[in-house]
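Q: This structure is in structure tokens; I'll ask about it shortly.
Protein chains in written order, with this note's numbering: chain A, 1 to 223; chain B, 1 to 299.
Right under this line is the structure:
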């Protein structure tokens with residue numbers, strides 16, 4: 001455990017595979033939810049960590065350290081993630097980087113898209129913007145560095161690649177990941193008690209759709 | 001019942017409260033007042049509890065028209081007037097229907113807080129009334145205020161006249177106290193010396209997401225890390241070298257090493273640091289940080 005200022009503590013699991021580290025982090029988070037220790041304000045999952053934010057006048061960090069050592073192995077406490085099938089229109093106006101990324105690997109755009117949609121992904125953690133999930137499980141051949149300077153405007157629903165991760169921009173805004181397609185799915189709705197479609201631990205499959213289908217789903221009011 | 005109409009909204013005025021806890025798991029930042037100390041002082045002067053929603057006005061001035069009889073608590077403004085007549089900016093301001101209240105620019109800081117008796121009534125979104133303008137939700141219609149907007153408040157009787165505490169009168173420090181960030185050990189001795197000896201200028205590209213710092217003291221970046229949860233006050237060093245201090249609307253996770261984290265008692269200094277202002281950092285012991293926080297809570 002390492003402090004992050006006077007009101008937060010970072011628990012990090014190193015030296016083990018990231019997926020196992022995240023399961024331990026989710027197990028501790030599940031227990032924190034259940035026990036709601038005095039002074040707990042929030043928690044945030046990372047790639048191999050859990051940040052616990054608290055009120056230092058009331059929260060007992062030493063007790064957390066003791067209990068987390070037990071909780072982290074209670075995988076039964078971790079809810080089985082949901083499976084989401086997310087429709088994607090690859091390439092075209094919504095996936096302006098697909099051709100370039102495919103060409104760099106000597107692939108046709110359709111082959112790149114096939115490889116991307118053949119994999120099963122897992123939501124590692126959320127961040128960057130509300131509802132933005134970092135998905136692991138992408139074939140390593142598709143990994144692509146982020147743009148050196150972010151684009152000013154990335155449209156909502158853009159399916160993108162940033163390093164080893166793939167992700168979906170829930171709302172329009174600036175972004176530095178490479179854009180390979182676009183989904184009509186709603187990723188974030190602040191009016192819902194569960195506002196994000198994706199939760200850490202969930203599984204994701206991308207299902208390729210045609211451009212007319214994307215347009216039809218958008219006009220059907222799925223957005 | 002509508003309580004006031006915005007006549008001149010100022011540069012960037014939003015509804016804020018103490019922010020969202022328990023939403024970072026969905027990638028939702030904490031939001032809330034950038035200077036929580038001034039915000040609770042303004043609320044107290046308006047007869048409200050510290051949790052009431054109020055206006056956070058960046059720079060200013062702003063002008064509002066009372067639509068009913070109300071009372072205002074204002075913190076950080078150089079001047080206040082009612083129908084053109086100067087009022088005491090340190091005390092409860094009473095306004096009758098039709099009165100125009102002008103809240104002047106900050107006396108020294110960057111943000112002025114304007115509370116109304118009863119607190120501003122906007123819907124709770126994920127447990128808070130704070131605006132997250134970058135994502136378009138919370139506060140008043142998810143955005144900064146515009147001329148003509150009419151806002152409601154919760155019902156409350158008019159409070160007795162109160163004044164801001166004298167502790168609000170001191171100058172805003174140009175030094176913020178920090179604790180080591182989780183990646184402190186990745187920075188070399190000479191990088192750390194540069195950082196702590198350096199004076200940084202607050203960049204004009206700063207906003208409610210991050211305070212960007214320019215200056216000779218910027219330490220070279222030691223590379224990136226596995227993304228992890230971050231907090232308001234974390235000092236990140238991206239590859240460009242210009243440190244970014246995360247503010248309430250900043251992202252909830254980040255992959256840049258953190259050289260330092262501002263102590264909770266000094267977060268208000270960040271909220272009041274306007275572009276062009278010079279800032280220094282000073283390492284303190286954890287005990288001093290906690291003591292400073294307790295003193296502030298007791299003040």
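A virtual CB, placed ideally from N, CA and C, is assigned to each residue, including glycine.
#1: State yes or no: is the beta carbon of residue 24 of chain B nearer than 8 Å to at least one beta carbon in chain A?
#2: Can you find the residues in the same chain that come closer than 7 Å, C-beta to C-beta, to residue 177 of chain A, ignoring five residues on each side of it along the sequence?
#3: Between the segment 191-210 of chain A and the segment 68-82 of chain A, can you find at least three pairs of beta-carbon atoms closer than 8 Å?
#4: Could you please give me the residues that DSSP links to residue 16 of chain B through a beta bridge?
#5: Going by beta carbon distance, what residues of the same chain come within less than 8 Å of residue 229 of chain B, once the five residues before and after it are set aside?
#6: Taking Cβ-Cβ distances shorter than 7 Å, what residues in chain B pair up with residue 219 of chain A?
#7: Whole-angstrom Cβ separation of residue 110 of chain B and residue 274 of chain B, contact assumed at under 8 Å?
#8: Keeping to the same chain, check which residues put their C-beta closer than 6 Å to that of residue 41 of chain B; ignore five residues upstream and five downstream.
#9: Relative to the C-alpha of residue 133 of chain A, which candidate in A:114, A:28, A:47 has its C-alpha closest?
#10: Let me know the secondary structure DSSP gives residue 231 of chain B once reduced to three states.
#11: Could you say if the segment 204-214 of chain A and the segment 153-161 of chain B meet the contact criterion of at least three C-beta pairs nearer than 8 Å?
#12: Between which two residues does the beta strand (DSSP E) holding residue 200 of chain B run?
#13: Please report how far the alpha carbon of residue 184 of chain B lies from the alpha carbon of residue 4 of chain A, in whole angstroms.
#14: I need the straight-line Cα distance from residue 108 of chain A to residue 246 of chain B, nearest angstrom please.
#15: Using the three-state DSSP reduction, which class does residue 144 of chain A fall into: helix, strand or coil?
#16: Can you tell me which residues form a DSSP beta bridge with residue 120 of chain B?
#17: Looking at residue 135 of chain A: is its Cβ nearer than 8 Å to the Cβ of residue 169 of chain A?
#18: Does any CB atom of chain B fall closer than 8 Å to the CB of residue 7 of chain A?
#19: What residue does the alpha helix (DSSP H) around residue 197 of chain B start on, and which one ends it?
#20: Under the assumption that residue 224 of chain A contacts residue 174 of chain A (Cβ atoms under 8 Å), give the Cβ distance between them as a whole number of angstroms.
#21: Around the C-beta of residue 300 of chain B, are 16 or more other C-beta atoms found within 10 angstroms, so that it is buried, or is it exposed?
#22: Would you say residue 64 of chain B touches the ligand SAM, meaning its beta carbon is less than 7 Å from a heavy atom?
#23: Determine, using beta carbons only, whether residue 234 of chain B and residue 263 of chain B come nearer to each other than 8 Å.
#24: So what's residue 266 of chain B in DSSP terms, helix, strand or just coil?
#25: Tell me whether residue 120 of chain A sits in a helix, a strand or coil according to DSSP, three-state version.
#26: My understanding is that residue 69 of chain B touches residue 96 of chain B, with C-beta atoms under 8 Å, so please give their C-beta distance in whole angstroms.
#27: What did DSSP end up calling residue 45 of chain B once you bin it into helix, strand or coil?
#28: Verify whether the separation of the beta carbon atoms of residue 237 of chain B and residue 259 of chain B is less than 8 Å.
#29: Contact between the segment 10-19 of chain B and the segment 212-225 of chain B is defined here as three or more beta-carbon pairs at a separation below 8 Å; is this criterion met?
#30: Listing by chain order, which chain B residues have their CB less than 7 Å from the CB of residue 42 of chain A?
#31: Contact defined as beta carbons within less than 8 Å: I believe residue 15 of chain B pairs with residue 139 of chain B. What is the distance between those atoms, to the nearest angstrom?
#32: For the beta strand (DSSP E) containing residue 160 of chain A, name the first residue and the last one.
#33: Does the beta carbon of residue 126 of chain B come closer than 8 Å to any beta carbon on chain A?
#34: Within 8 Å, do at least three Cβ pairs link the segment 30-41 of chain B to the segment 116-125 of chain B?
#35: Which chain A residues sit within Cβ distance under 8 Å of residue 251 of chain B?
#36: My parser needs the beta strand (DSSP E) runs of 3 or more residues fully inside the segment 24-92 of chain A; what are they?
A: According to the data block:
#1: Position 24 of the second chain, counted from the start, is the residue given in the question as residue 24 of chain B. With 8 Å as the cut-off, residue 24 of chain B counts as an interface residue toward chain A.
#2: Along the first chain, one-based indexing puts residue 177 of chain A at 177. Here the set comprises 146, 160, 161, 162, 167.
#3: yes
#4: By one-based count along the second chain, residue 16 of chain B stands at place 16. Paired residue(s): B:54.
#5: Within the second chain, residue 229 of chain B is the residue found at index 229, counting from 1. Answer for residue 229 of chain B: 24, 252, 253, listed in chain order.
#6: The count along the first chain starts at 1 and reaches residue 219 of chain A at position 219. None at all; the shortest Cβ gap to chain B is about 21 Å.
#7: In the second chain, counting from the first residue as 1, residue 110 of chain B sits at position 110. In the second chain, counting from the first residue as 1, residue 274 of chain B sits at position 274. Confirmed, about 4 Å.
#8: Within the second chain, residue 41 of chain B is the residue found at index 41, counting from 1. Counting only Cβ-Cβ distances below 6 Å, and skipping sequence neighbours, we find 75, 164, 168.
#9: Taking the first chain and counting its residues from 1, the one referred to as residue 133 of chain A is at position 133. It is A:47 whose Cα lies nearest to the Cα of residue 133 of chain A.
#10: The residue labelled residue 231 of chain B in the question sits at position 231 within the second chain. Correct three-state label for residue 231 of chain B: coil.
#11: no
#12: For the purposes of this step, residue 200 of chain B is taken as residue 200 along the second chain, with counting starting at 1. Here the beta strand (DSSP E) through residue 200 of chain B covers 200-202.
#13: In the second chain, the residue the question calls residue 184 of chain B occupies position 184. In the first chain, the residue the question calls residue 4 of chain A occupies position 4. Cα to Cα, residue 184 of chain B sits roughly 11 Å from residue 4 of chain A.
#14: Taking the first residue of the first chain as position 1, residue 108 of chain A is located at position 108. Taking the first residue of the second chain as position 1, residue 246 of chain B is located at position 246. Cα-Cα distance, rounded: 42 Å.
#15: Here residue 144 of chain A refers to the residue found at position 144 when the first chain is read from its first residue. It is a strand residue.
#16: Translated into the one-based positions of the second chain, residue 120 of chain B becomes position 120. Looking at the DSSP assignment, residue 120 of chain B forms a beta bridge with B:153.
#17: Here residue 135 of chain A is taken as the residue at index 135 of the first chain, counted from 1. Here residue 169 of chain A is taken as the residue at index 169 of the first chain, counted from 1. Not a contact, by the Cβ cut-off of 8 Å.
#18: Residue 7 of chain A sits at position 7 when you count from the first residue of the first chain. Yes - at least one Cβ of chain B is within 8 Å of the one on residue 7 of chain A.
#19: Along the second chain, read from residue 1 onward, the residue named residue 197 of chain B stands at position 197. Per DSSP, residue 197 of chain B belongs to the alpha helix (DSSP H) from 189-197.
#20: Missing from the structure shown is residue 224 of chain A; chain A here goes from 1 to 223 and no further.
#21: One cannot answer for residue 300 of chain B here, as it falls past the ends of chain B, which runs 1 to 299.
#22: What this structure holds is no ligand at all, so the ligand SAM is not there to describe.
#23: Indexing the second chain from 1 puts residue 234 of chain B at position 234. Indexing the second chain from 1 puts residue 263 of chain B at position 263. Contact: no.
#24: For this step, residue 266 of chain B is matched to residue 266 along the second chain. Looking at residue 266 of chain B - three-state DSSP - the assignment turns out to be helix.
#25: Locating residue 120 of chain A in the first chain gives position 120, where the first residue counts as 1. Here residue 120 of chain A sits in coil by DSSP.
#26: Your numbering for residue 69 of chain B matches position 69 in the second chain. Your numbering for residue 96 of chain B matches position 96 in the second chain. Confirmed, Cβ separation roughly 5 Å.
#27: Your numbering for residue 45 of chain B matches position 45 in the second chain. Residue 45 of chain B falls in the helix class under three-state DSSP.
#28: Numbered from its first residue, the second chain carries residue 237 of chain B at position 237. Numbered from its first residue, the second chain carries residue 259 of chain B at position 259. The answer is yes: Cβ separation under 8 Å.
#29: no
#30: Working through the first chain from its first residue, we reach residue 42 of chain A at position 42. Near residue 42 of chain A (Cβ distances below 7 Å), the residues of chain B are 21, 22, 24.
#31: Against the second chain, residue 15 of chain B aligns to sequence position 15. Against the second chain, residue 139 of chain B aligns to sequence position 139. Right, their Cβ atoms sit about 4 Å apart.
#32: Along the first chain, read from residue 1 onward, the residue named residue 160 of chain A stands at position 160. It spans 158-162 - the beta strand (DSSP E) in which residue 160 of chain A sits, taken as one unbroken run.
#33: The residue labelled residue 126 of chain B in the question sits at position 126 within the second chain. At least one chain A Cβ lies under 8 Å of residue 126 of chain B.
#34: no
#35: In the second chain, residue 251 of chain B corresponds to position 251, counting from 1. Within 8 Å Cβ-Cβ: 127, 128, 129.
#36: 40-45, 49-54, 83-90
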